[in-house]
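Participant: All residue numbers for the sequence shown refer to our numbering, where the first residue is 958 and numbers rise by one.
Glycine is no exception: its CB is placed at the ideal position from the N, C-alpha and C atoms.
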Amino acid sequence: MTIKAIVLDMDGTLLNSNKEISDLTRKALIEAQEKGVRVILASGRPTQGMTHFAKELKMDEHHGLLVSYNGACVIDVSTNETIYEKSLTVEEGQKILRHLSKFKVIPMVEKGDTMYVNDVFSGMINTSRGEINIIQYESRGGGYLLGEAKDLSSIVDHRLPKILVAAEKQYYDEHIHEIFSPFEGHVNGMFSAEFYFEFTALGVDKAQALDTVLHMYDIEAEELIAFGDGENDLSLINYAGIGVAMGNAVESVLKAADDVTLSHDEDGIAVSLQKYL
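In structure tokens, the structure reads:
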């Protein structure tokens, strides 16, 4: 089977624990593109939180693609053209945010180059990695300015690619049914990390976005190799001809994958590409 494209999740997959692309992985991906293999980054991140890494991989020279917001948007890196978009409606966004105000969670909403939260000084949560300021973590990763609104629904006058919700794992364990059940079947909801739950438009996931656009590039699902580590990568792992779980992947991804490589801190992508390309 000929591999025409490499699809990569970012956090926990392409990026190591220092949020960097290792030298070996960078070299392997640039060499693959020089041989005519397209590179696609598929992440829950906003588009602007992905572009720096795309340029580092020289994807702008090879018509690489960015699948952002867990599949709500697809961008051609070379032209900066949006070739696919599917967002929550204004009404859906407002309803979700009003509902979230009943819970002890931290919703985050994008508007232009600003990320809005209820309280910019209330972002500390406990995670398996220790205590982090989740608002600073997300705003820096996405390249956002910070804004504040006590009623986040009041600023929503535009379609939203996603609503990001942060909370501690124990709180999710106790309340996720109440948080999501009123919208189940009407919008998508998924965990992208132990502390992140994301609302997107119904039907949005990474694989669905790719399935919509790959025909434009004469690529079939069977001609993909995909790498991932989290719950939001399951659709990719199942969709691609070869689905590879990182060594640090969650159990569901490890079980679904065709192969398992080394972790994101051990050049797992580069090691696997040596095997398949």
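Please state the DSSP three-state secondary structure of residue 1053.
Facilitator: Assignment of residue 1053 by DSSP, reduced to helix, strand and coil, places it in the helix class.
Participant: Contact defined as beta carbons within less than 8 Å: I believe residue 1000 pairs with residue 968. What is the distance between those atoms, to the nearest angstrom?
Facilitator: 7 Å
Participant: Indicate whether the contact test is met: 3 or more Cβ pairs, each with one atom in the region 1020 to 1028 and one in the region 1051 to 1060, closer than 8 Å.
Facilitator: no
Participant: Rounded to whole angstroms, what's the CA-CA distance from residue 1124 to residue 1163? Just pull it up for me.
Facilitator: 23 Å
Participant: Let's see if you can read the secondary structure: which residues bound the beta strand (DSSP E) around residue 1033?
Facilitator: 1030 to 1033
Participant: Give me the residue from 970, 959, 1167, 965 with the minimum Cα distance to residue 1207.
Facilitator: 970
Participant: Please report how far the alpha carbon of residue 960 lies from the alpha carbon of residue 1197, in whole angstroms.
Facilitator: For residue 960 and residue 1197, the distance between alpha carbons rounds to 10 Å.
Participant: Apart from the five residues on each side of it in sequence, which residues of its chain come closer than 7 Å, Cβ to Cβ, to residue 1096?
Facilitator: Cβ neighbours of residue 1096 beyond the five flanking positions: 1072, 1103.
Participant: Across the region 1058 to 1071 and the region 1129 to 1143, are there enough close Cβ pairs to call them in contact, namely three or more that are closer than 8 Å?
Facilitator: yes
Participant: Per DSSP, what are the beta-bridge partners of residue 1068 in this structure?
Facilitator: 1071
Participant: Can you tell me which of 1112, 1187, 1174 puts its alpha carbon nearest to the alpha carbon of residue 1148?
Facilitator: 1187
Participant: From residue 1219 to residue 1230, what distance separates their C-alpha atoms?
Facilitator: 12 Å
Participant: Where does residue 960 fall in DSSP's three states?
Facilitator: For residue 960, the three-state secondary structure derived from DSSP is coil.
Participant: Locate the beta strand (DSSP E) running through residue 1137, then write down its first and last residues.
Facilitator: Premise fails: residue 1137 lies in the alpha helix (DSSP H), 1126 to 1137, not in any beta strand (DSSP E).
Participant: Output yes or no for whether 8 Å exceeds the beta carbon distance between residue 1204 and residue 1223.
Facilitator: yes
Participant: If we ignore side chains and look at the alpha-carbon of each, how far apart do residue 1157 and residue 1126 end up?
Facilitator: 20 Å
Participant: With distances taken between CB atoms, is the gap from residue 1121 to residue 1155 smaller than 8 Å?
Facilitator: yes
Participant: Please confirm whether residue 1014 and residue 1007 have their CB atoms less than 8 Å apart.
Facilitator: no
Participant: Residue range of the alpha helix (DSSP H) that residue 1094 falls in?
Facilitator: 1091 to 1099
Participant: In chain order, what residues of the same chain have a beta carbon less than 8 Å from the beta carbon of residue 987, not counting five sequence neighbours either side?
Facilitator: 1014, 1015
Participant: I need the straight-line Cα distance from residue 1184 to residue 1079, nearest angstrom please.
Facilitator: 34 Å
Participant: Should residue 966 go down as buried or exposed, given a rule of 16 or more other Cβ atoms within 10 Å for buried?
Facilitator: buried
Participant: Please name the residue in 1018, 979, 1211 whose C-alpha comes closest to that of residue 993.
Facilitator: Per the C-alpha coordinates, the member of 1018, 979, 1211 positioned closest to residue 993 is 1018.
Participant: Please work out which residues of its chain come closer than 8 Å, Cβ to Cβ, to residue 1088, disregarding the five sequence neighbours upstream and downstream, and give them in chain order.
Facilitator: 1081, 1082
Participant: At the level of alpha carbons, what is the spacing between residue 1140 and residue 1159?
Facilitator: 10 Å
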